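J.: Counting from 1, one number per residue, gives the positions in the sequence shown under UniProt numbering.
C-beta atoms are modelled at their ideal positions from N, C-alpha and C, and glycine is treated no differently.
Everything numeric in this text was worked out from a predicted model, so none of it was measured.
First, the structure itself, so that you have it in front of you.
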Amino acid sequence: RFDSVICAEYLLAIAYSRSIVLNITKVQKLLYLAYGAYLAEYDKSFITEQPKAWPYGPVFPRTRKHVNFDNVLSLDNPKFDKIKKNEEITLLFNKIIDNYSNFTASQLSEWSHEKDGPWDKTVKNSNGNWNVPIDDELIKKYFLNLKI
């Protein structure tokens, strides 16, 4: 499994190498898409951090604090050597960028707030608390029915 910060930086690097700019909200939503798609496909997570329910949708809190959006790393950065060897993740990240990077951050946030989706169910069951982990079973069930 990979650190969420490395995953977010790798996603950013792939997008940047293709002249696609991602803001912090888009990275959160695209990383969540990758997390859910991988969970549905392989019945396990590839990220060490579980997404949490925040007011603007699913968030990987460590990436909010530790990813430098002003200094996007190059794909050939040695930091990515291990994750680049994982073909499934690299293919998945490229597919997510191909299919979802053209959506706005607002559109992706709106999608992540979908009624009866994993974020919505978590928020409804959290007694108004934020930063509650979104259960992997909810995510997996949702993404089994979503074509990425």
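I'd like the span of the alpha helix (DSSP H) that includes VAL123, first residue to last.
T.: Here residue 123 is taken as the residue at index 123 of the sequence shown, counted from 1. Start and end: 118-124.
J.: So the beta strand (DSSP E) LYS54 belongs to, where does it begin and stop?
T.: Translated into the one-based positions of the sequence shown, residue 54 becomes position 54. Here residue 54 is Trp; the residue named in the question, Lys, does not match the sequence. Residues 52-54.
J.: Quick one: any contact between the region 2-11 and the region 58-75, if contact means 3 or more CB pairs under 8 angstroms?
T.: Judged by Cβ distances under 8 angstroms, the region 2-11 makes contact with the region 58-75, as three or more pairs qualify.
J.: For PRO58, list the residues DSSP reports as bridge partners.
T.: Mapped onto the sequence shown, residue 58 falls at position 58. DSSP lists ALA53 as partners of PRO58.
J.: PRO118 and LEU92: beta carbons closer than 7 angstroms?
T.: In the sequence shown, counting from the first residue as 1, residue 118 sits at position 118. In the sequence shown, counting from the first residue as 1, residue 92 sits at position 92. It is not a contact, given that the beta carbons lie outside the stated cut-off.
J.: Three-state secondary structure (DSSP) at VAL5?
T.: In the sequence shown, counting from the first residue as 1, residue 5 sits at position 5. Three-state result, VAL5: helix.
J.: Determine the DSSP secondary structure at VAL132, reduced to helix, strand or coil.
T.: If you number the sequence shown from 1, residue 132 lands on position 132. Three-state result, VAL132: strand.
J.: Have a look at ILE20, GLN50 and SER101 and flag the residue whose alpha-carbon is nearest the alpha-carbon of ASP3.
T.: As a position in the sequence shown, residue 3 is number 3, starting the count at 1. Taking only the C-alpha atoms, the option nearest ASP3 is GLN50.
J.: When you compare the CB positions of SER101 and ILE20, do they come within less than 7 angstroms of one another, or not?
T.: Along the sequence shown, one-based indexing puts residue 101 at 101. Along the sequence shown, one-based indexing puts residue 20 at 20. Their beta carbons are under 7 angstroms apart, which means SER101 touches ILE20 by this criterion.
J.: Counting only runs that start and end within the region 23-96, where is the beta strand (DSSP E) found for 3 or more residues in a row?
T.: Runs of the beta strand (DSSP E) inside the region 23-96: 52-54 and 57-59.
J.: In chain order, what residues of the same chain have a beta carbon less than 8 angstroms from the beta carbon of THR48, not counting five sequence neighbours either side?
T.: Position 48 of the sequence shown, counted from the start, is the residue given in the question as residue 48. Closer than 8 angstroms at Cβ, skipping near neighbours: ARG1, PHE2, ASP3 and SER4.
J.: Check whether the region 125-144 touches the region 35-43, counting contact only when three or more Cβ pairs, one atom from each stretch, lie closer than 8 angstroms.
T.: Verdict: yes, contact present.
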